[in-house]
Amino acid sequence: MRQSHQLSLVGFLLFSLIPSQLCTICEVSKENFSRLNPLINTMINSKYSKGIQAANVLLSLKLVGIQNQNLEQQLIQQVHDNEENKDLTSGQLALLILALGACQNSDETFVYSYLVSQLEKKFQEEIKNMEVHHGNPLTNYYQLSLDVLALCLFNGNYSITEVTNLFTLENKNFYFGGQFSVDTGAMAVLALTCVKKRIVNGQTETDEENFKHINNHTQSLVKKILSEKKENGLIGNIFSTGEAMQALFVSSNYYNKNEWNCQQTLDTVLKEIPRGAFRVPTAAAQILPALMGKTYLDLTKNSSCASGSGNLNISTQEPVSVAPTSSPSYILVHYSVKINETYSTNVTVPKGSVFLDVMEEAQKINEAVFRFTVVESSWGPYITSVQGLKANNNHRTYWELLSDNKPVSQGVGSYVVHNGEKLEVRWSKY
Ligand code: CBY
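Going by mature numbering (1 follows the signal peptide of the UniProt record, and there is no 0), the letters in the sequence shown line up with residues -23 to -1, 1 to 407, in that order.
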């Protein structure tokens, strides 16, 4: 009785707040499909040393309807090899579930239900850490959003009240150094939209109050994402645009048509593909679904996964590598490590070197001052410590990369350095 009462209220709210379930999508037209080939080639031809790097790629390929048995096997192997998945962060496990669970029939998804229970635990550990460490999760809100999304899509347990309280726009975890993280906001919108849909469809129960809050949070996040739209149509930067597009696709009833010119965003992204912006497989994986008009919420719709590949005419030639010049010319850069004091040196590296090469050269010059450690992330190498001083999520500390005093927008493995540049790794707080 009480339940049906709640549902009727929810139904009323639905019709008053969401006049239509319209989903505005703009996508690459058939004539332009070949412009996506570099993305698909990058994803298919890259070697994935760790299974988890492949998760994002597999997920993306499945969404646009491309099968890749190889990658799928690699991931399944990883799942069998370490059954407890102790070394995975919550978001990595969520991605694994999304990738393996995508486009399956219901009996197959059942096989992975133990992964979903592991994720429930990891999500709780994130929340516990926030309680103990001044609201700082073990990882970050991008990963918490992935957690909620995977739990929501694959029938895991989570408390709606907890989710409602976590994802308010005011929460500091949406910001890094005062700057709103579009990637994080977009992933949160996708997660909240999934939760909202389940409530509306009567698959999850909640009260009117929570439902109203979820709507309001989504609304403010969408507004904030739109406020990060640049003149050329990118939202945040080139790397956050794909996920921002997905968020805007599923939330079109929260903004007016004239607030976002989707076609302009699409055109700008398409122009960036041949310039090599998406050479990192994860970058390609995160942009492709949106370009094909897909979102992570389509993952459990079988029909959506099957279509698409028939239309994409994929040519899987090896990516054309730029032939290195026979005699490398060298460039000189200035490199510093800044903690309180600044430690500097000049470094000579071959032209075309990346930030990491400079750090390695500096380390050879002075091990005590310039030694550092890296871990492999889905975007490539990530610096975890310099001079033995370790980044710590509980304290929101990290090693920031700068060029000529401005933060760079790529990681150490991708950022190509230039002659005369002033590079710095700085002990910072986000
Ligand atoms: N993924 C994650 O957990 C990462 C989430 C993410 C929001 C991510 C960007 C977005 C995405 N789409 O994946 C993110 N970065 C986070 C959370 C962080 C923080 C990591 C610590 C934590 N609490 O988890 C932190 C410290 C604020 C951070 N990113 C730092 C950096 C710098 C790394 C420097 C280093 N020590 O190696 C750097 C290089 C910025 C700088 N100038 O110092 C940085 N991030 C960049 C550039 C990026 C973009 C990478 C783009 C690229 N082509 O390489 C990014 C896509 C990303 C990865 N960060 Co962070 C953001 C963007 O530009 N749109 C889930 C997991 C399962 O994969």
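Here a beta-carbon is modelled for each residue, glycine too, at the ideal position from N, C-alpha and C. The structure presented is a predicted model; accordingly, all values stated were derived computationally and were not measured.
- Note on geometry: alpha-carbon atoms of valine 314 and serine 386 lie some 18 Å from one another.
- For aspartate 244, the distance from the CB to the nearest heavy atom of the ligand CBY is not below 6 Å.
- Under DSSP, proline 358 shares a beta bridge with Glu353.
- Within the chosen limit of 6 Å, the ligand CBY reaches the beta carbon of threonine 161 through at least one heavy atom.
- Between the stretch 90 to 107 and the stretch 31 to 43 there are fewer than three C-beta pairs closer than 8 Å, too few to call the two in contact.
- DSSP places asparagine 323 in the strand class (E or B) of the three-state scheme.
- Measuring C-alpha to C-alpha distances from asparagine 62 to each of Gln196, Ile29, Ser158 identifies Ile29 as the nearest.
- Annotation for methionine 269: Glu4, Val5, Val41, Gly285 place their beta carbon closer than 7 Å to its own, counting only its chain and skipping 5 residues before and after.
- Under the three-state reduction of DSSP output, glutamine 241 falls in the helix class.
- In the pairwise beta carbon analysis, the stretch 203 to 216 is classified as not touching the stretch 165 to 173: fewer than three pairs are separated by under 8 Å.
- Contact holds between the stretch 184 to 199 and the stretch 133 to 141, because three or more Cβ pairs, one in each stretch, are under 8 Å apart.
- Closest by C-alpha distance to tryptophan 376, out of Phe349, Ile53, Lys99, is Phe349.
- Leaving aside the five residues that flank methionine 222 on each side, the residues in its chain whose CB is nearer than 6 Å to its CB run, in chain order, Ala267.
- Closest in alpha carbon position to proline 15, among Gly253, Lys99, Ser380, Gly390, is Gly253.
- Taking all protein chains in view, the Cβ of histidine 395 is surrounded by fewer than 16 other Cβ atoms within 10 Å, so the residue is classified as exposed.
- Where threonine 138 is concerned, the enclosing alpha helix (DSSP H) starts and stops at 137 to 143.
- With the rule of 3 Cβ pairs closer than 8 Å, the stretch 110 to 122 counts as touching the stretch 150 to 166.
- When the Cα atoms are used, tyrosine 152 and serine 197 turn out to be separated by approximately 14 Å.
- Look at serine 405 here: in three-state DSSP terms it is strand.
- Taken atom to atom, the span from the alpha-carbon of leucine 52 to that of asparagine 235 is near 42 Å.
- Residue burial is scored here from C-beta neighbours: glutamine 46 has fewer than 16 other C-beta atoms within 10 angstroms and is therefore classed as exposed.
- DSSP places histidine 311 in the uninterrupted beta strand (DSSP E) bounded by 307 to 315.
- Taking 7 Å as the cut-off, the beta carbon of alanine 32 is found closer than this to the beta carbon of alanine 76.
- Contact annotation: the stretch 242 to 249 does not touch the stretch 174 to 183, with fewer than three C-beta pairs closer than 8 Å.
- Sorting Ser37, Gln364, Leu35, Glu103 by C-alpha distance to the C-alpha of tryptophan 404 places Gln364 at the top.
- Of the residues Ala339, Glu318, Tyr320, the one whose Cα lies closest to the Cα of leucine 309 is Ala339.
- A Cβ-Cβ contact shorter than 7 Å links glycine 357 with valine 257.
- In the same chain as threonine 272, and ignoring 5 residues on each side of it, the C-beta atoms closer than 6 Å to its own belong to Gln223, Phe226, Val227, in chain order.
- Cβ contact annotation for threonine 325 (same chain, cutoff 6 Å, sequence separation greater than five): Tyr307, Leu309, in chain order.
- Annotation: valine 351 to lysine 27 spans about 15 Å, alpha carbon to alpha carbon.
- Excluding its 5 nearest sequence neighbours in each direction, phenylalanine 157 has C-beta neighbours in its own chain below 7 Å: Phe151, Lys201, Glu205, listed in chain order.
- Distances taken from the Cβ of glutamate 377 to the heavy atoms of the ligand CBY include one shorter than 6 Å.
- Contact check for phenylalanine 131 and isoleucine 74: beta-carbon distance about 6 Å, within the 8 Å limit, so the pair qualifies.
- Distance from the CA atom of aspartate 64 to the CA atom of tyrosine 89, rounded to whole angstroms, is 18 Å.
- Taking 7 Å as the cut-off, the Cβ atoms of asparagine 148 and asparagine 371 do not count as close.
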